[in-house]
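Asker:
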Amino acid sequence: MQEEGWSLLPKPVAVTGPHQATAHWFETARLVVGLKGKFADLIHMKRSFSLVDVLLVLAFCGHIAWTVKASSQCKRALSREIRPHSVAITEFGAVGDGVTLNTKAFQNAIFYLNSFSDKGGAKLFVPAGRWLTGSFDLISHLTLWLDKDAVILGSNNPDDWPVVDPLPSYGRGVELPGGRHRSLIYGRNLTDVIITGDNGTIDGQGSVWWNWFQRKTLDYTRPHLVELMNSTGVVISNLTFLNSPFWTIHPVYCSHVIVQNVTILAPLDSPNTDGINPDSSNDVCIEDCYISTGDDLIAIKSGWDEYGISFARPSTNIIIRRLIGHNRNGSGIAIGSEMSGGVSEVYAENLYFFYSSTAITIKTARGRGGYVRNIYILNVTLVGVDTAIRFDSTFSPHPDDFYDPNALPVIERITIKDVIGNNIKVAGLLKGIEGDTFHHVCLLNIALTVTSGSPWNCSHIQGYSAMVSPETCEPLKESIYPNHSSDCYHLSNHLRSSVGILILAISQAQQQPHHQ
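The letter at position 39 of the sequence shown is residue 39 when you use UniProt numbering, and the numbering goes up by one with no holes.
#1: Pull the bridge partners of residue 235 from the DSSP assignment, please.
#2: The beta strand (DSSP E) with residue 449 in it runs from where to where?
#3: Could you check which residue in 182, 189, 156, 248 has the C-alpha nearest to that of residue 208?
#4: Can you give me the start and stop residues for the alpha helix (DSSP H) that residue 110 sits inside?
#5: Is residue 486 buried or exposed, if buried means 16 or more other CB atoms sit within 10 Å of its CB?
#6: What does the Cβ neighbour count give for residue 251, buried or exposed, with the cut at 16 atoms within 10 Å?
#7: Assess contact between the region 293 to 312 and the region 232 to 239, defined as three or more Cβ pairs (one per stretch) separated by less than 8 angstroms. Is contact present?
#8: Which runs of the beta strand (DSSP E) fall wholly inside the region 393 to 438 and span at least 3 residues, in chain order?
#9: Out of 473, 399, 484, 470, state which residue places its alpha-carbon closest to the alpha-carbon of residue 172.
#10: Since residue 410 contacts residue 371 with CB under 8 angstroms, what's their CB separation in whole angstroms?
#11: Comparing C-alpha positions only, which one of 459, 160, 284, 132 sits nearest to residue 183?
#12: For residue 231, tell me which candidate among 141, 124, 99 has the shortest Cα-Cα distance.
#13: Apart from the five residues on each side of it in sequence, which residues of its chain come closer than 7 angstroms, Cβ to Cβ, to residue 168?
#14: On the DSSP letters alone, give me the boundaries of the alpha helix (DSSP H) that residue 214 sits inside.
#15: If distances are taken between C-alpha atoms only, which option among 117, 456, 277 comes closest to residue 430?
#16: Assuming residue 283 is part of the beta strand (DSSP E), what are its boundary residues?
#17: Quick check: what's the CA-CA separation for residue 367 versus residue 438?
#18: For residue 349 and residue 180, what's the separation of their Cα atoms in angstroms?
#19: Could you pull the DSSP bridge partners for residue 348 from this structure?
#20: For residue 447 and residue 333, I'd like the C-alpha separation in whole angstroms.
#21: Run the CB neighbour count on residue 260, radius 10 Å, all protein chains shown included, and call it buried at 16 or more, exposed below.
#22: Tell me whether the beta-carbon of residue 281 lies closer than 7 angstroms to the beta-carbon of residue 315.
#23: Starting from the C-beta of residue 128, find all residues in its chain whose C-beta is less than 8 angstroms away, skip the five residues before and the five after it, and write them out in chain order.
#24: Candidates 100, 436, 192, 469: which alpha carbon is nearest residue 406's?
#25: Output yes or no for whether 7 angstroms exceeds the beta carbon distance between residue 466 and residue 489.
Set out below in structure tokens:
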């Protein structure tokens, strides 16, 4: 059954542009939906079925209450803001030939539109063309709108990316002490900002930055493609982002952020080209995205060691759903390693990661402090992934020598359920910290075809499991049901659902002695 079903899934492709990425996204989604239907059909056809058969079907059962909550938080971007004032970038002398530098045109256009911020806001329209620019600032109550054939290009001259102060929750640049280059599209202390269009493109042309990084010739930390600081009411949607010099989309100290229907692409060997990194931000919704980069597709962060502890702004209430992608060096969803301000209330569902290094990762280390708690991840499909679940407590880079090595992270109440995977090398590498056990890790309804002879490797971990194949490691073998569902985040009401009842019945049946 597994072989027949998994043969439907796509093989890796070299995605070279936004249109091919969009086509591959839809083909992948169609095949995943078809695979779910095929499992259902096979179950109806068979009068008796094995535990693995049951797991394959249950892996696609969602959580109704979670879906309602996510729909409410993510609904805003479905309706487009109407701005009473609109101008085109060409009205300010911009030339879309891919050669002329248009930084002044963007700056002047936005300065002009600022006069309408208290009059309903304004829209800056970028028509078809290739618009070379350096870094520019956004303003409140602005819509930056890209035509489907518009491409904003980042300049290859580092002088066009000004150096700004490091983030206070990091204390220095992530890569180098001191400042950092400002992102191509930047904003701070803003309200009601929309970056959208008809699937236009923002291309950071990051290869020059990757070369400087690899040759160790950088003077400052590389820039992100889009960074918004201390802002609220942010929507980024319906665009393609290419070749970021560093992280691609970075909302930091923000609230009420929506990222919808975006494609993010960078070469699989490009260094640290994370897709979307919510950082010390709350009420963030990320949905319907295709990401293929050289590092983490999504990484949730909240500051670095003593600076993050002191700044004390957590990332919380993060919703991720319908994410498809792959990478070579990072994770599908990562938390950390800079998580010193705390990360909590993360809900992620309907994820598909293929031919990737790791699917789900929590990264931390001694000296980080902070916490990661109340994480709920479900409905995950994996194909050709090296490690399905990883807790790595050895991420040792520190901003300086003043961190407190006794500042230990609190990792607790992590629930991962409804996971199906084929051609997985290792099911789980779950490593806590000696003297700092990670508590209440719960794995439920997981079916993986694993090629390694040692599918699980666990230490300094405590938790529970049910319906996990291959059988999990000793610290997690105690069953969730019937006594520990309240210890598992988001599972306290699970027994009342039909899925919970079925799982309990099968678990109990497995424990009964067999009679001839």
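Glycine included, each C-beta is placed from N, C-alpha and C at the ideal position. Small disclaimer: the values here were computed from a predicted structure and weren't measured.
Answerer: The relevant details are as follows:
#1: The beta-bridge partner set that DSSP reports for residue 235 consists of 194, 258.
#2: Note, residue 449: beta strand (DSSP E), 438 to 450.
#3: Closest by alpha carbon: 156.
#4: Its alpha helix (DSSP H) spans residues 103 to 113.
#5: Residue 486 sits exposed, since fewer than 16 C-beta atoms from the chains shown fall within 10 Å of its C-beta.
#6: A residue is called buried when at least 16 other Cβ atoms come within 10 angstroms of its Cβ; residue 251 meets this threshold and is buried.
#7: These segments do not touch.
#8: The beta strand (DSSP E) runs of length 3 or more contained entirely in the region 393 to 438 are, from start to end of the chain, 410 to 424, 426 to 431.
#9: Nearest option by C-alpha distance: 399.
#10: Sure, about 4 angstroms apart at Cβ, within 8 angstroms.
#11: Of the candidates 459, 160, 284, 132, the one whose C-alpha sits nearest the C-alpha of residue 183 is 160.
#12: For the residues 141, 124, 99, the minimum Cα distance to residue 231 belongs to 141.
#13: Excluding positions up to five away in sequence, the list reads 307, 311.
#14: From DSSP, the alpha helix (DSSP H) with residue 214 extends over 207 to 214.
#15: Closest option to residue 430, judged by alpha-carbon separation, among 117, 456, 277: 456.
#16: Element bounds for residue 283: 282 to 293.
#17: Computed Cα separation, rounded: 15 angstroms.
#18: When rounded, the distance between both Cα atoms is 34 angstroms.
#19: Residue pairing for residue 348: DSSP places it in a beta bridge opposite 320, 377.
#20: The alpha-carbon atoms of residue 447 and residue 333 are separated by roughly 19 angstroms.
#21: Burial is judged here by how many other beta carbons sit within 10 angstroms of a residue's own beta carbon; residue 260 has at least 16 and is buried.
#22: Yes; because the gap between Cβ atoms is below 7 angstroms, this pair is in contact.
#23: Excluding sequence neighbours, residue 128 sits near 96, 147, 148, 149, 150.
#24: For the residues 100, 436, 192, 469, the minimum Cα distance to residue 406 belongs to 436.
#25: Contact: no.
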